[in-house]
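Taking it in order: structure first as structure tokens, then the write-up.
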Amino acid sequence: MHTPRLLTCLILLLAPLGVHAQAPKLVDFNRDIRPILSDTCFVCHGPAKSARKGDLRIDTKDGLLGVIAPKKLKESLLYQRITSADAFERMPPAKSGKKLSEQQIDLIRRWIEQGASWQEHWAFIAPKRPELPTVKDAKWVRNPIDASILGRLEREGMQPSPEADPRTLIRRVTQDLTGLPPTVVEVEEFAKAWDAANAKRERVWAELVERLLASPRYGERMVLEWLDAARYSDTNGYQTDGTRAMWPWRDWVIDALNKNMPFDQFTVEQIAGDMLPKPTIPQKVATGFHRNHMLNGEGGRIAEESRVDYVVDRVDTTGAVWLGLTVGCARCHEHKYDPISQKEYYQLYAYWNSIAEVGGVDRRSGTGAPVLELPTPEQQVKIAKIEKAIQDNQLAFSVREKAILDDLKAKTKTLPDKKSPDYAKLLASHPAAKDLQKLQQTLDAEKKKLTDAKNSALITMIMEERKDPRDTFVLDRGIYNKYGEKVQAGIPKTFPQLPKGAPNNRLGLAKWLVAKDNPLTARVTVNRLWQQYFGIGIVKTSEDFGVQGEMPSHPELLDWLAVEFSSPFPSGGEGPGVRGRSAWDLKHLHRLIVTSATYRQSAKVTPAAFEKDPDNRLLSRSPRLRLTPFQLRDQALAMSGLLVEKVGGPPVRPYQPPGLWEDFSFNQIKYVQDKGDKLYRRSLYTFWRRSIGPPNMFDTPNRQVCTVRQARTNTPLHALILLNDVTFVEAARVWAERLIKAEPTPRLRLAFAWRQATARPPSATEQKILLAGYQRVLKQYQADRPAAEKLVSAGEFARDKTLDVTEHAATAAMLNMILNLDEVVTKE
């Protein structure tokens, strides 16, 4: 019998498994413990001294270890209190409305037993380039992003999805990088090159990406999230919601993005471009970033109260956009979760407190000082001509006046003082006085022309420092006139201080935001770009990297991207656009993401993968995301051939339901719709009113405050807009007209439209359904010609009345349906 030997083998085989099964999972303080303490304890025992109970603070290492004895549960007061059977002793107290779950208590128990290891909050430690994980399927990895994603998937027992087909890929990346769909020709050429390339597909893909990054459409796409963050609008907000002109700043951003301005320069020019040596007009315009806030022009409003609100808005927006922190919580008291005191809040406030503004609104321009006049080239020519005329007339006047005075001196021993009435009388008595009077009238008229010409020039708001800086005080409870302690500008103690040699002003603050040792800016920026492509950031709470925010799903990847983004690449690097690139290269970051295998996965999901990762945080597949309302409208205009691809310029007023503005405005402002090409500009140029935004731009923020994480919804209201809004109906009927002229049969027209909309040919079944639908609606319109006439007359674009109206209407109805297909309104 071999029983003893068999038993021995089983024991030896199972022993390691037993040890492994019993080994407790290591508890991570940042991942597992800090979120529990932040949610349930920090309100009473955190950074806010005024709210602290029992003089106990546990958001710091010293404070927490004062109530924790590592590896000794019985001596750990915190553990004793959270497990106490006595309701009066148990923490958190019942009246707080907080309660620890058994799982949370167990995590704290295990953490103490494992030695109660402390970590500083991950986001407040400067990132270092981490080692990339070693993966089993190394062939799948195309760049470092993939190594990190695949490493996590393999640890979770999951696999990435196969690569998407070339038609899906070109539609995806074209929408992502330009906000527009690819043309049928572009799709077919790419698919042909892809199929022929085989092993050289990476080059084909790289060439496509470089073409899209070089397109002027790139800047128009990438500006959208920045407009939301900057609270950009064409009106002031509040009750009166008057019109302003901040679009020169918007155009500056588009231009900067298209030119791939390094993000550190992009930051400095928007925060403090006016403080650079000999600032240019574009650098001054760039500072409009922090003049995009609302302006309160209501009657009776205290100007200083408004001014304080504007400064507060700048502090809060800077905190959200560059630091990913809710610094505004410290305006009225110490931050209850993050280490930012009220005093430190007002030290940040001091950087913005000496702008040369008073809080009022100029009724003529709808702006508040400081401002910059921006005459058009035509206005500049006109002003120059008037100034030359004034100069010539001034010279003629001086010559004539001198001649009269010389003549009077010869006849009069002593001339009266110029300011005396006798002088004027003496001058008027001269025979040449009438000529002098005419010259003066001409001069006055030219000066009035100059004033009128300058007043007609565009006025935009900028930043500019006062000559005499304001004193800054802590404001009691945030009230504008309740002064407390006087403070100087400064950086919160938790963070590295200003770079060496940087001035302690706005310019120094701007340089600090993009300093090498700043732990947040690079992380926050790359996270928002990741969110743009994948729908959710590596840190889901992209607006909050503080202790109340979510831990990164892939912390090593976040740090790798942050270091990669903020570091220059040495000359001699490999790959398109990489050699010798500078630090803070935005296009390099976009290129990295879209050339990764992670980005190029199929969006198809298996039941097992969906069950294990329903939110796709591990990225075992490409996300399916609804196109933004900007993309939906622009897509319809592009496919119909209506889109006007002019970059920049004043906002336009496309179609809008009548009476909408009047119903939402205090002073009954009437919406005056534009005509011609202005109806078909890209959506980002649509006039943006804070009190009521464009009605077909659903899910977009009202831009009253900074927004860095946009909502994505899908409701029946969206479908009603896409089916009935005149923009989409007109696009469908113009699209139909062009297809009828280009293709001889309904089958070919619908097939081509399908390829335009989905980037693929319809299947036989889909083709059959399309034709059956066309025949059905054709019969309906043949029986109801007035309905057909109404459909093909939608919008203001002139229609070809030689076309058969029922055929035109039936084709338009089918194209309107195609515009509403899930596959068409979704990026796969």
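Under our numbering, the residues of the sequence shown are numbered 1479 to 2306, in order.
Positions of the beta carbon are idealized from the N, C-alpha and C atoms, including for glycine.
Would you mind reading off the limits of the alpha helix (DSSP H) that contains residue i?
{"i": "residue 1612", "result": "Residue 1612 -> no alpha helix (DSSP H), and no H or E assigned at all."}
{"i": "residue 1925", "result": "1911-1933"}
{"i": "residue 1628", "result": "1622-1633"}
{"i": "residue 2122", "result": "Unbroken run through residue 2122: none, as it is neither H nor E."}
{"i": "residue 2296", "result": "2283-2297"}
{"i": "residue 2224", "result": "2224-2236"}
{"i": "residue 1700", "result": "1694-1707"}
{"i": "residue 1589", "result": "1580-1591"}
{"i": "residue 1821", "result": "1820-1828"}
{"i": "residue 1742", "result": "1741-1750"}
{"i": "residue 1759", "result": "1759-1764"}
Strictly by DSSP, which residues pair up with residue i?
{"i": "residue 1943", "result": "1833"}
{"i": "residue 1422", "result": "Because the chain spans 1479 through 2306 in this model, residue 1422 falls outside it and cannot be assessed."}
{"i": "residue 2130", "result": "2164"}
{"i": "residue 2104", "result": "2304"}
{"i": "residue 1840", "result": "1845"}
{"i": "residue 1937", "result": "1851"}
{"i": "residue 1713", "result": "1721"}
Is the separation between the beta-carbon of residue i and that of residue j shorter than 9 angstroms?
{"i": "residue 1804", "j": "residue 2022", "result": "yes"}
{"i": "residue 1449", "j": "residue 1611", "result": "The displayed coordinates of the chain run from 1479 to 2306. Any statement about residue 1449 would go beyond what the structure contains."}
{"i": "residue 2201", "j": "residue 2303", "result": "no"}
{"i": "residue 1968", "j": "residue 1801", "result": "no"}
{"i": "residue 1602", "j": "residue 1997", "result": "yes"}
{"i": "residue 2230", "j": "residue 1665", "result": "no"}
{"i": "residue 1638", "j": "residue 2073", "result": "no"}
{"i": "residue 2221", "j": "residue 2275", "result": "no"}
{"i": "residue 2101", "j": "residue 2014", "result": "yes"}
{"i": "residue 2311", "j": "residue 1843", "result": "Look at the range of the chain in this structure, 1479 to 2306, and you will see that residue 2311 is not part of it."}
{"i": "residue 2104", "j": "residue 2190", "result": "yes"}
{"i": "residue 1543", "j": "residue 1596", "result": "yes"}
{"i": "residue 2270", "j": "residue 2235", "result": "no"}
{"i": "residue 1775", "j": "residue 1831", "result": "no"}
{"i": "residue 1787", "j": "residue 1557", "result": "no"}
{"i": "residue 1703", "j": "residue 2111", "result": "no"}
{"i": "residue 2184", "j": "residue 1706", "result": "yes"}
{"i": "residue 1768", "j": "residue 1748", "result": "yes"}
{"i": "residue 1590", "j": "residue 1546", "result": "yes"}
{"i": "residue 2170", "j": "residue 2206", "result": "no"}
{"i": "residue 1939", "j": "residue 1750", "result": "no"}
{"i": "residue 2287", "j": "residue 2259", "result": "yes"}
{"i": "residue 1654", "j": "residue 2011", "result": "yes"}
{"i": "residue 2080", "j": "residue 1641", "result": "yes"}
Cα-Cα, which of the options is closest to residue i?
{"i": "residue 1961", "options": "1970, 1955 and 1951", "result": "1951"}
{"i": "residue 2126", "options": "2090, 1734 and 2040", "result": "1734"}
{"i": "residue 1658", "options": "1876, 2245 and 1697", "result": "1697"}
{"i": "residue 1724", "options": "1937, 2141 and 2132", "result": "1937"}
{"i": "residue 2025", "options": "1507, 1513 and 1503", "result": "1513"}
{"i": "residue 1920", "options": "1935, 1885, 1949 and 1868", "result": "1868"}
{"i": "residue 2165", "options": "2133, 2000 and 1977", "result": "2133"}
{"i": "residue 2305", "options": "2170, 1648 and 2116", "result": "1648"}
{"i": "residue 2176", "options": "2092, 2203 and 1857", "result": "2203"}
{"i": "residue 1990", "options": "1607, 1746 and 1675", "result": "1746"}
{"i": "residue 2114", "options": "2129, 2296, 2009 and 1923", "result": "2296"}
{"i": "residue 1878", "options": "1911, 1570, 1846 and 2071", "result": "1911"}
{"i": "residue 2047", "options": "2066, 1702, 2032 and 2031", "result": "2066"}
{"i": "residue 2070", "options": "2111, 1559 and 2035", "result": "2035"}
{"i": "residue 2128", "options": "1628, 1809, 1617 and 1854", "result": "1854"}
{"i": "residue 1732", "options": "2242, 1764 and 1719", "result": "1764"}
Where do the ends of the beta strand (DSSP E) carrying residue i lie?
{"i": "residue 1950", "result": "1950-1953"}
{"i": "residue 1962", "result": "1961-1965"}
{"i": "residue 2248", "result": "Element bounds for residue 2248: not the beta strand (DSSP E) but the alpha helix (DSSP H), 2242-2261."}
**Study point:** In chain order, each alpha helix (DSSP H) run of at least 4 residues that lies wholly inside the segment 1977-2051
**Key:** Within the segment 1977-2051, complete alpha helix (DSSP H) segments of at least 4 residues are found at 1984-1991, 1999-2012 and 2033-2044, given in chain order.
Practice item. Could I get the ranges of all uninterrupted beta strand (DSSP E) runs contained in the segment 2130-2216, with 3 residues as the minimum, in chain order? Key: Listed in chain order, the beta strand (DSSP E) runs fully inside the segment 2130-2216 amount to none, counting runs of at least 3 residues.
**Study point:** Entirely enclosed alpha helix (DSSP H) segments - the segment 2060-2095, minimum 4 residues
**Key:** When DSSP assignments are scanned along the segment 2060-2095, the uninterrupted stretches of alpha helix (DSSP H) that are 4 or more residues long and fall wholly within it turn out to be 2064-2072 and 2085-2090.
Check your understanding: Of all the beta strand (DSSP E) runs that stay within the bounds of the segment 1506-1557, which reach a length of 3 or more residues?
Key -> Counting only runs of 3 or more residues that sit fully inside the segment 1506-1557, no beta strand (DSSP E) segment turns up.
**Study point:** Sequence ranges, alpha helix (DSSP H) only - wholly within the segment 1642-1690, length at least 4
**Key:** Whole alpha helix (DSSP H) segments, 4+ residues: 1644-1656 and 1662-1675.
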